[in-house]
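Protein sequence lines correspond, in order, to chains P and B.
Each step along the first sequence adds one to the number in our numbering, with nothing skipped, and position 58 is 58.
Each step along the second sequence adds one to the number in our numbering, with nothing skipped, and position 57 is 57.
Think of the CB as a built atom: it goes at the ideal place given N, C-alpha and C, for glycine as much as any other residue.
2 protein chains.
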Amino acid sequence: MGKGNPSIPSAGEGKRGEQGYLGYLLRQAAGAYRLKVERALDEFGVTQAQFAALTMISAYPGLSNADLARLAVLTPQTASVIVGNLERAGSLIRRPHAVHGRIQHLDLSDSGRALLKKCRERVYKLEGELTAGFSAEEERAVRRWLVAVATADAAQP
Amino acid sequence: MGKGNPSIPSAGEGKRGEQGYLGYLLRQAAGAYRLKVERALDEFGVTQAQFAALTMISAYPGLSNADLARLAVLTPQTASVIVGNLERAGSLIRRPHAVHGRIQHLDLSDSGRALLKKCRERVYKLEGELTAGFSAEEERAVRRWLVAVATADAAQP
DNA sequence: AACAACATATAAGAGCTCTGATATCATGGG
DNA sequence: CCCATGATATCAGAGCTCTTATATGTTGTT
Numbered sequence: 001m002g003k004g005n006p007s008i009p010s011a012g013e014g015k016r017g018e019q020g021y022l023g024y025l026l027r028q029a030a031g032a033y034r035l036k037v038e039r040a041l042d043e044f045g046v047t048q049a050q051f052a053a054l055t056m057i058s059a060y061p062g063l064s065n066a067d068l069a070r071l072a073v074l075t076p077q078t079a080s081v082i083v084g085n086l087e088r089a090g091s092l093i094r095r096p097h098a099v100h101g102r103i104q105h106l107d108l109s110d111s112g113r114a115l116l117k118k119c120r121e122r123v124y125k126l127e128g129e130l131t132a133g134f135s136a137e138e139e140r141a142v143r144r145w146l147v148a149v150a151t152a153d154a155a156q157p
Numbered sequence: 001m002g003k004g005n006p007s008i009p010s011a012g013e014g015k016r017g018e019q020g021y022l023g024y025l026l027r028q029a030a031g032a033y034r035l036k037v038e039r040a041l042d043e044f045g046v047t048q049a050q051f052a053a054l055t056m057i058s059a060y061p062g063l064s065n066a067d068l069a070r071l072a073v074l075t076p077q078t079a080s081v082i083v084g085n086l087e088r089a090g091s092l093i094r095r096p097h098a099v100h101g102r103i104q105h106l107d108l109s110d111s112g113r114a115l116l117k118k119c120r121e122r123v124y125k126l127e128g129e130l131t132a133g134f135s136a137e138e139e140r141a142v143r144r145w146l147v148a149v150a151t152a153d154a155a156q157p
């Protein structure tokens, strides 16, 4: 069963193309774009998840780990791992809550802000390529669909 | 910065909604759907990646680990991990290639076929919910977009 | 026959993500 | 006042995914 076997389609062909399962296409697209982002950010050693976290902390300075998890649709444990790696890299700072003894505020460090700025330039280029060849109306449909999938209640019967 | 802070939007609101970055929305949607699938398959202990692998092996019996990686847009190493876990669970069988001394054919075991059948019923339900509230034309646009993102050359300048 | 080029498999190491469990802290009802 | 409830943080374990590196097998060229 080598690469020349005509019964195995390539990505975008046959069942793996526009006639395939939406869930499968979604999985493939997200994986491909994630890889593309991480290749673009490889020079800085920043992952897609880290870029998302940096963006969130930049937009909402002083949030907690639990806040970040809610924003990024992650579990607090996952967020904690990402925050730990970013802290180890010196990109963010943990500050204890003034009153609450458990909460820790998160803020970008100066180097974290500079890093985010550099990453943004590259990711924005990719973001722009994401809509090439699609009308405004089609893009609207895509956006509405993605939001609908992301907000569908997972605990539904 | 508790949950009541009005400056932090929920998923689907503000910048996290239809006006947000497409890459971010894609990441969110794929994560949410992956979780939904794995919750539906939790009873069987099957992950989304394993379901995809089982489906591929069922559709193209006798493929190799490298074939599977190409089909699923994964590295051979990643595919090898998934295959290893499925083999350990007894869902698939490795057969040595008749001629080529290195290649191993993959096939579902009887229990693997039965498992896939049960998983399919549940996942197909979710797949059906994925298009609720969207016209055929909109769905076409979404499919075309997902395929375009998945097949965009990652090595592009 | 020997070597180069390519394909396949696999191991190691890192990061992401989940579930489950544990500990700490805050708040409200008895 | 004390405790139940809920929020926060964190540890441990598992699976997925990548990169890098290594070993083995096949094929075509010289």
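Over what stretch of residues does the beta strand (DSSP E) that includes residue i continue unbroken?
| i | result |
| --- | --- |
| D107/B | 104 to 108 |
| P96/B | 92 to 96 |
In whole angstroms, what separates the C-alpha of residue i from that of residue j?
| i | j | result |
| --- | --- | --- |
| P157/B | V81/P | Bear in mind that the predicted position of P157/B carries a pLDDT of just 31, short of 50, making it unreliable; the figure below should be weighed with that in mind. For P157/B and V81/P, the distance between alpha carbons rounds to 32 Å. |
| L108/B | Y21/P | 21 Å |
| Y60/P | R144/P | 24 Å |
| G62/P | T55/P | 13 Å |
| E18/B | R88/B | 43 Å |
| G2/P | A30/B | The predicted model places G2/P with a pLDDT of 39, which falls under 50 and marks its position as unreliable; any figure quoted below should be read in that light. So the alpha carbons of these two residues sit roughly 31 Å apart. |
| A32/P | V142/P | 17 Å |
| I93/P | T78/P | 18 Å |
| L146/B | S135/B | 16 Å |
| R140/P | I57/P | 27 Å |
| G101/B | L130/P | 43 Å |
| E137/B | V83/P | 41 Å |
| G128/B | L86/P | 39 Å |
| L170/P | L71/B | The requested residue 170/P is not part of the displayed model; chain P covers only 1 to 157. |
Tell me which same chain residues have a C-beta within less than 7 Å of the C-beta of residue i, skipping the five on either side of it?
| i | result |
| --- | --- |
| S111/P | G90, S91 |
| Q48/B | R34, V37, E38 |
| K120/P | In the sequence on display, residue 120/P carries Arg and not Lys. Result list for R120/P: empty, nothing under 7 Å. |
| A40/P | R122, V123, L126 |
| P76/P | N65, A66, A69 |
Quick test of your reading: residue i and residue j, contact by CB under 8 Å. State the CB separation rounded to the nearest angstrom.
| i | j | result |
| --- | --- | --- |
| A152/P | V73/P | Incorrect: roughly 12 Å between the Cβ atoms, too far for contact. |
| V99/B | F51/B | About 32 Å separates the two Cβ atoms, so there is no contact after all. |
| A148/B | G133/P | 7 Å |
The alpha helix (DSSP H) that contains residue i, what's its start and end?
| i | result |
| --- | --- |
| Y33/P | 22 to 40 |
| G200/P | Outside the displayed span of chain P (1 to 157) sits residue 200/P, for which this structure offers no information. |
| T151/B | 136 to 151 |
| T55/B | 48 to 59 |
| A66/P | 65 to 71 |
Would the C-beta of residue i count as close to the ligand FAD, meaning under 7 Å from any of its heavy atoms?
| i | result |
| --- | --- |
| A89/P | Of ligands this structure carries none, so the ligand FAD is not represented either. |
Please list, in chain order, all residues of the same chain as residue i whose beta carbon is under 6 Å from its beta carbon, the five residues on each side excluded.
| i | result |
| --- | --- |
| R95/P | H105 |
| I103/P | S64, H97 |
By Cβ distance below 8 Å, which residues in the same chain neighbour residue i in space, the five residues on each side in sequence not counted?
| i | result |
| --- | --- |
| N5/P | Residue confidence for N5/P is low, a pLDDT of 45 falling below 50, so the modelled location carries little weight; the figure read from the coordinates is stated next. Around N5/P: no qualifying Cβ. |
Check your understanding: Is the number of C-beta pairs between the region 33 to 46 of chain P and the region 113 to 125 of chain P that are closer than 8 Å three or more?
Key -> yes
Review point. Is it a yes or a no for the region 61 to 73 of chain B touching the region 15 to 34 of chain B, going by three-plus beta-carbon pairs under 8 Å?
Key: no
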